[in-house]
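To start, the structure under review is shown below, and the notes come after it.
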Amino acid sequence: MDRLLLTLLCFAVFALCLYGMWRGWRRKARAQSVRIPPFPEVPADRGEVLLETRGLYVSTTMSGHWQDRIVTRGAGLRGPAVLRLHDGGIEVDRTGAPGFWIPRERIVGVGTAKGMAGKVMGTESLLVITWRLGDVELDTGLRGDDLSVYPQWIEKAKGGAQV
1 MDRLLLTLLC
11 FAVFALCLYG
21 MWRGWRRKAR
31 AQSVRIPPFP
41 EVPADRGEVL
51 LETRGLYVST
61 TMSGHWQDRI
71 VTRGAGLRGP
81 AVLRLHDGGI
91 EVDRTGAPGF
101 WIPRERIVGV
111 GTAKGMAGKV
121 MGTESLLVIT
131 WRLGDVELDT
141 GLRGDDLSVY
151 PQWIEKAKGG
161 AQV
């Protein structure tokens with residue numbers, strides 16, 4: 001009987017922790033939905049694809065705060081993605097989550113990083129796009145399948161601007 005009560009207590013504590021994390025995620029999403037405008041939708045006429053990279057969408061964070069993940073409007077969902085550079089901006093096409101558009105005139109810089117919320121590596125293997133959304137500056141990170149294309153992204157996406 002003692003073992004059953006201890007097992008039930010452990011399960012209850014675990015369930016309570018899960019509930020607390022779920023509530024915290026929702027609270028953070030509500031607070032961010034007030035401060036952060038909706039992400040731009042991908043335009044119908046994007047133009048020619050100049051550069052394309054497949055990989056893992058890691059996250060979007062507040063610029064300079066690599067652990068402050070943006071969770072509102074589905075931006076916190078990590079998963080497979082394709083980045084496509086067009087004349088007018090960058091399309092972030094995520095599998096199983098809403099994609100979004102980063103207009104070229106809002107790109108502040110493009111560079112590499114060792115880590116971002118949800119992914120940390122020992123090398124500069126994340127491609128990070130810093131951009132403005134309203135009056136908020138964001139970092140969007142992708143762990144590309146082919147790291148050798150990062151210099152092309154850094155050069156072409158914002159004319160050589162570095163993060």
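When we follow UniProt numbering, the leftmost residue of the sequence shown carries the number 1, and every step to the right adds one. We put the beta carbon where it would ideally sit given N, CA and C, even for glycine.
Remark: three or more beta-carbon pairs, one from each stretch, lie closer than 8 Å, so the region 43 to 63 and the region 74 to 85 are flagged as touching. The beta carbon of Arg-106 sits closer than 6 Å to those of Trp-131 and Arg-132, all from its chain and outside the five residues before and after it, given in chain order. Where Leu-77 is concerned, there is no enclosing alpha helix (DSSP H), because DSSP gives it neither an H nor an E. At least 9 Å separates the beta-carbon of Leu-85 from that of Gly-111. Taken in chain order, the complete alpha helix (DSSP H) segments of 4 or more residues contained in the UniProt domain "PH" (36 to 157) are 150 to 157. Residue environment for Asp-139: buried (at least 16 other C-beta atoms within 10 angstroms of its C-beta).
Within the same chain, no residue comes within 6 Å of Met-1 by CB-CB distance, once the 5 residues on both sides are set aside. Your pair Gly-141 and Tyr-150 does not check out as a contact, with CB atoms roughly 12 Å apart and the cut at 8 Å. In this structure, DSSP gives Met-1 a state outside helix and strand, which the three-state scheme calls coil. Taking the Cβ atoms as the reference, Phe-39 lies roughly 14 Å from Arg-69, outside the contact range of under 8 Å.
Apart from sequence neighbours up to five positions away, the residues of its chain that approach Val-136 with a beta-carbon distance below 6 Å are Ile-36, ordered along the chain.
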